[in-house]
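All remarks here apply to the structure that follows.
This is the structure in structure tokens:
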């Protein structure tokens with residue numbers, strides 16, 4: 280693949296101050312910045328050019344240690360979700376589609392399939408979102424898209440795990456800051472944020488890993504901007520996870536086309552008829568992108584929410600509230616009615632009050648709270664089509680009312696600017712057959728950065744996802760250990776090979792304890 284060889288270290292791009300490194304190896308930050316990971320200070324240049332220069336500069340500037348450590352966990356989460364997609368309802372259709380495509384060497388995780396880099400990126404990305412189990416960095420689900428693109432289009436050389444992690448961090452950073460500057464206007468017009476924005480994250484990660492020149496990065500941004508798009512009406516269908524796959528595919532295609540010499544508008548973000556004009560609103564400001572890059576790093580602040588339940592994040596606080604009520608003695612057999620109140624707009628994606636399929640159930644508030652009350656645990660099987668048709672679920676759904684409470688925005692006007700799963704709170708009130716009531720309120724979803732998943736919870740999620748794709752349990756355990764030890768790996772392909780559904784592991788897996796210790800060392804001392 281083009282772009283596989285390492286190049287000589289570039290000169291400092293015009294418009295950025297080189298970051299010096301002290302004798303300890305720590306990045307000496309610009310004291311004029313926030314101190315929260317700011318790596319460089321952009322001077323005046325167009326927004327697209329500033330983004331390109333940032334990506335190129337970061338190929339020679341290690342990301343902060345804390346960002347690497349957090350990214351390691353989120354990458355493990357994303358790999359687990361991609362593997363799980365291989366066992367999803369989407370998988371047979373993807374298998375049939377691949378039969379029509381030319382083969383190649385890029386892997387599809389959770390399977391023995393290979394494809395071209397572009398097609399593998401599409402399938403890996405779609406698998407990563409197939410169960411709605413992938414992370415959320417509001418307003419997008421970027422990580423499965425970025426990891427899918429990186430796994431599918433590795434350079435033709437060894438790729439150390441630390442290099443893979445740094446590319447991920449830079450990709451997430453670029454996409455998050457473009458999203459923040461764009462604002463939320465596109466959602467009101469029906470554009471799906473992940474479909475329209477995550478391609479920038481994935482392309483930035485690829486451009487970092489392949490060490491593209493600033494000029495080619497600007498071109499690639501233009502190509503991604505023209506390919507972006509996806510509609511919210513696709514929630515609850517297989518096309519919704521395909522949005523993630525298409526974003527990853529577009530990123531790989533943009534990288535290859537830019538390297539091949541294709542031209543594009545090199546001011547696509549800010550141009551008069553560019554991306555911000557097409558997808559933004561009156562509050563959108565592309566000039567806000569550059570000052571925000573690395574200040575702070577998005578993987579740390581606000582950070583990703585790693586899902587505990589395989590469904591739309593807008594359900595999760597209500598699910599947690601029902602679980603709290605179960606602990607107080609509320610049961611399906613003593614329930615008269617279940618009332619769910621959320622902030623205005625928080626029900627927008629939950630468009631299926633009476634779902635018929637597993638995909639629709641992921642976007643149904645009545646189903647989510649009914650399943651939380653009835654099932655021992657909410658796992659992957661809970662949101663599969665056979666579970667949706669249970670008569671006992673239907674009986675509880677008839678007792679559920681879900682509504683939006685205007686008072687939540689009146690109490691906290693800032694909440695109106697937050698995405699579905701984070702604005703206001705969820706309050707669930709159970710009225711029991713004896714006439715008594717029990718109520719529970721949940722402000723943030725489980726797995727939120729303020730209530731993060733740790734490595735034990737991530738291991739459980741990873742193995743559950745692998746089991747749903749019928750990976751051999753021993754192989755799945757080795758795959759988890761390899762991904763967890765990513766900073767210590769001389770080539771990320773070691774972990775990716777174990778994350779495939781092959782008869783025998785192609786190489787020895789690292790020992791769990793030494794690998795964990797090595798990972799801590801390999802993360803480095805950058806702060």
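Residue numbers (the numbering used here): 280 to 806. No residue lacks a Cβ here, since even glycine has one placed at the ideal position from N, Cα and C.
Inter-residue Cα distance where the pair is residue i and residue j
i           : j           : result
residue 329 : residue 447 : 19 angstroms
residue 716 : residue 595 : 22 angstroms
residue 230 : residue 339 : Absent from the model: residue 230. The displayed extent of the chain is 280 to 806, so no value can be given.
residue 664 : residue 657 : 14 angstroms
residue 425 : residue 444 : 11 angstroms
residue 727 : residue 577 : 14 angstroms
residue 636 : residue 626 : 19 angstroms
residue 541 : residue 535 : 9 angstroms
residue 646 : residue 710 : 18 angstroms
residue 514 : residue 565 : 28 angstroms
residue 706 : residue 525 : 36 angstroms
residue 303 : residue 343 : Confidence at residue 303 is low in this model, with a pLDDT of 32, below 50, so its placement is unreliable and no value can be given for it.
residue 570 : residue 563 : 15 angstroms
residue 420 : residue 651 : 24 angstroms
residue 476 : residue 623 : 24 angstroms
residue 230 : residue 748 : The requested residue 230 is not part of the displayed model; the chain covers only 280 to 806.
residue 545 : residue 496 : 9 angstroms
residue 611 : residue 755 : 36 angstroms
residue 697 : residue 772 : 38 angstroms
residue 378 : residue 348 : 39 angstroms
residue 603 : residue 691 : 24 angstroms
residue 764 : residue 730 : 23 angstroms
residue 538 : residue 502 : 12 angstroms
residue 590 : residue 661 : 10 angstroms
residue 332 : residue 672 : 54 angstroms
residue 827 : residue 740 : A query on residue 827 cannot be resolved here, the shown segment of the chain reaching from 280 to 806 and no further.
residue 642 : residue 598 : 13 angstroms
residue 486 : residue 369 : 29 angstroms
residue 436 : residue 480 : 22 angstroms
residue 396 : residue 631 : 35 angstroms
residue 383 : residue 325 : 38 angstroms
residue 341 : residue 403 : 27 angstroms
For residue i: DSSP bridge partner residues
i           : result
residue 716 : 710
residue 386 : 393
residue 683 : 621
residue 616 : 710
residue 705 : 721
residue 419 : 416
residue 470 : 510
Contacts around residue i, its chain only, beta-carbon distance under 6 angstroms, and the 5 residues preceding and following it disregarded
i           : result
residue 360 : 407, 412, 413, 423
residue 554 : 504, 547, 548
residue 586 : 412, 726
residue 720 : 704, 706
residue 398 : 380
residue 684 : 620
residue 613 : 711, 712
residue 472 : 418, 419
residue 676 : 645, 649
residue 809 : The requested residue 809 is not part of the displayed model; the chain covers only 280 to 806.
Expected contact under 8 angstroms - CB spacing of residue i and residue j to nearest Å
i           : j           : result
residue 682 : residue 620 : 6 angstroms
residue 842 : residue 531 : Since the first residue of the chain shown is 280 and the last is 806, residue 842 is not available in this structure.
residue 327 : residue 779 : At roughly 37 angstroms, the Cβ-Cβ gap does not stay under 8 angstroms, so residue 327 and residue 779 are not in contact.
residue 483 : residue 438 : So it is not a contact: roughly 16 angstroms between Cβ atoms.
residue 416 : residue 455 : 6 angstroms
residue 744 : residue 362 : 5 angstroms
residue 373 : residue 527 : Between residue 527 and residue 373 the Cβ distance is about 13 angstroms, and since that is not below 8 angstroms, they are no contact.
residue 429 : residue 388 : In fact, because the Cβ distance is near 12 angstroms, the residues do not count as touching under 8 angstroms.
residue 364 : residue 433 : Between residue 433 and residue 364 the Cβ distance is about 20 angstroms, and since that is not below 8 angstroms, they are no contact.
residue 628 : residue 593 : 5 angstroms
residue 394 : residue 567 : At roughly 38 angstroms, the Cβ-Cβ gap does not stay under 8 angstroms, so residue 394 and residue 567 are not in contact.
Same chain only: Cβ atoms within 8 angstroms of residue i, ignoring 5 sequence neighbours per side
i           : result
residue 470 : 508, 509, 510, 511, 558
residue 667 : 634, 635, 636, 637, 639, 640, 646
Contacting residues, own chain, Cβ-Cβ under 7 angstroms from residue i (five flanking each side not counted)
i           : result
residue 462 : 559, 560, 562, 563
residue 753 : none
residue 737 : 352, 355, 356
residue 521 : 405
residue 529 : 478, 503, 506
residue 452 : 572, 573, 576, 577
residue 243 : Outside the displayed span of the chain (280 to 806) sits residue 243, for which this structure offers no information.
Cβ of residue i within 7 angstroms of any chain C Cβ
i           : result
residue 752 : Note that chain C does not occur in the displayed structure, where there is just one protein chain.
Along the chain, which unbroken stretches of the alpha helix (DSSP H) at least 4 residues long are found entirely within the stretch 538-611? If only uninterrupted alpha helix (DSSP H) runs of at least 4 residues are considered, those enclosed by the stretch 538-611 are 554-558, 568-571, 595-606.
For a minimum of 4 consecutive residues, which ranges assigned as the alpha helix (DSSP H) are wholly contained in the stretch 629-682? With a minimum length of 4 residues, the continuous alpha helix (DSSP H) runs that stay inside the stretch 629-682 are 637-640, 644-653, 664-667, 670-676.
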